[in-house]
């Protein structure tokens, strides 16, 4: 049996390959899942994604399964509790940003009916499929991620620079950056 052709960045690590095969680049329209990815991406800033994936279940437990309504109400006691949780990234600024991002997330939901309506509007509500022969050609930012990052910051979000935003767009399938030979690549006929 031949192995599937995958993007090089995930090869050799079972967790990474599972994430690549089952999640990365799959369009996500459900607000709760979009929020989870957004928070995980903000914690990833400056770190490798595999570090976050290995701690994902710890993050889910620590942050009430990314229930943004609960997270928006976290008080100083909860923030200090999170600072002591060795299972997550204990960066105080990122933890505080997760709380304020939950508040901002709900404000966007209120304005647009859902966060999904808002964020998918930046790509005309359909995935943008890029043609890429090698992983090295994947961009870190695009004009769309620049615009989305700027708008998120204007709305009070933190740790949402263009690189973080573009990674979020890739993770949630707003863009398909699988290499052309990858078995997960969206085929356009």
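Numbering (the numbering used here), first residue to last: 1 to 189.
We treat Cβ as the ideally placed atom computed from N, Cα and C, and that holds for glycine.
As the structure is a prediction and not an experimental result, all values here were calculated from the model.
Checking the sheet assignment: what are the DSSP bridge partners for residue i?
i: residue 176; result: 129
Is the distance from the Cβ of residue i to the Cβ of residue j below 7 Å?
i: residue 15; j: residue 47; result: no
i: residue 28; j: residue 71; result: no
i: residue 17; j: residue 66; result: no
i: residue 24; j: residue 171; result: yes
i: residue 120; j: residue 4; result: no
i: residue 186; j: residue 176; result: yes
i: residue 108; j: residue 118; result: yes
i: residue 58; j: residue 88; result: yes
i: residue 38; j: residue 125; result: no
Ordered along the chain, which non-local residues of its own chain (more than five positions away) have a Cβ less than 7 Å from that of residue i?
i: residue 97; result: 42, 158 and 159
i: residue 13; result: 50
i: residue 133; result: 179 and 180
i: residue 142; result: 166
i: residue 64; result: 70 and 71
i: residue 122; result: 144, 147 and 148
i: residue 114; result: 31
i: residue 21; result: 184
i: residue 135; result: 7, 8, 9 and 179
Can you tell me where the alpha helix (DSSP H) holding residue i begins and where it ends?
i: residue 165; result: 162 to 171
i: residue 31; result: 31 to 44
i: residue 20; result: 14 to 22
i: residue 203; result: The chain is shown from 1 up to 189; residue 203 falls before or after that span and cannot be answered.
Output needed for residue i: all residues of its chain with C-beta closer than 8 Å, excluding positions within five of it in sequence on either side, in chain order.
i: residue 189; result: Residue placement at residue 189 is flagged as unreliable, the pLDDT there being 47, under the threshold of 50; the coordinate-derived value follows with that caveat. Result list for residue 189: empty, nothing under 8 Å.
i: residue 106; result: 68, 69 and 72
i: residue 83; result: 90, 92 and 95
i: residue 55; result: 87, 88 and 89
So, at 6 Å on beta carbons, what are the nonlocal neighbours of residue i in its own chain, with the 5 sequence-adjacent residues on each side left out?
i: residue 26; result: 173
i: residue 128; result: 175
i: residue 45; result: 159 and 164
i: residue 85; result: 62
i: residue 112; result: 118
Completely contained alpha helix (DSSP H) runs for the stretch 69 to 153, where each covers 4 or more residues: Counting only runs of 4 or more, we get 76 to 83, 92 to 112 and 115 to 120.
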